[in-house]
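Structure below.
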């Protein structure tokens, strides 16, 4: 489990999930920003990983890159914004995603997703309205539509004010729960 960390200004990727020994990883509630490479990079044959409620922004490559033979990947509740590449680079076979929903995609230079079949009904494509992007403060302004736009059916939302809580009807999209 990779939970509530800040991965930034690395000369390569923010997080690298590498081969089968990183199967069933949970990446939850992290700020992953301004890395020279991808925000999250998964190589060959990582399976059943969950990428939930992260803020993945301003990276020099893609927000998330999925490897050629990854399977069962869940990507839910993330703010994937302002990356120099794709928001989500889905290389190879496009059935590797078990679930893709309730994410916000905005300002990614190359585009939203390479080789994605569809998006979830809860996905957004809007400016996230971070508190202060220049100072790397990725909390949301009170006027952001990402507030309460996440999926409450996931069960416990660990980005709330206390572990296991979110503050209103649904969790916010991204790594930070608004008060």
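Residue numbers (the working numbering): 2 to 180. Positions of the beta carbon are idealized from the N, C-alpha and C atoms, including for glycine. From a predicted model like this one, the values you see are computed outputs, not experimental measurements.
Closest Cα partner of residue i within the set the options
i           : options               : result
residue 57  : 129, 154, 172 and 145 : 129
residue 83  : 73, 92 and 111        : 111
residue 31  : 48, 55, 88 and 47     : 55
residue 105 : 38, 79 and 36         : 79
residue 62  : 4, 108 and 135        : 108
residue 171 : 27, 123, 38 and 100   : 123
residue 90  : 103, 99, 76 and 116   : 116
residue 24  : 46, 100 and 13        : 46
Rounded separation between residue i and residue j - CA only
i           : j           : result
residue 17  : residue 66  : 10 Å
residue 118 : residue 97  : 11 Å
residue 72  : residue 48  : 5 Å
residue 10  : residue 85  : 14 Å
residue 40  : residue 50  : 15 Å
residue 74  : residue 43  : 10 Å
residue 135 : residue 35  : 11 Å
residue 3   : residue 132 : 24 Å
residue 121 : residue 8   : 27 Å
Enclosing beta strand (DSSP E) for residue i [first to last residue]
i           : result
residue 105 : 105–107
residue 100 : 98–102
residue 115 : 112–115
residue 13  : Per DSSP, residue 13 belongs to no beta strand (DSSP E) and is neither H nor E.
residue 69  : Per DSSP, residue 69 belongs to no beta strand (DSSP E) and is neither H nor E.
Cβ-based burial, residue i [other Cβ within 10 Å; buried from 16]
i           : result
residue 60  : buried
residue 143 : exposed
residue 169 : exposed
residue 179 : buried
residue 19  : exposed
residue 173 : buried
residue 69  : exposed
residue 145 : buried
residue 152 : buried
residue 88  : buried
residue 126 : exposed
Residue-chain proximity (residue i, chain C), Cβ-Cβ < 9 Å
i           : result
residue 117 : In the structure shown, chain C does not exist; there is a single protein chain.
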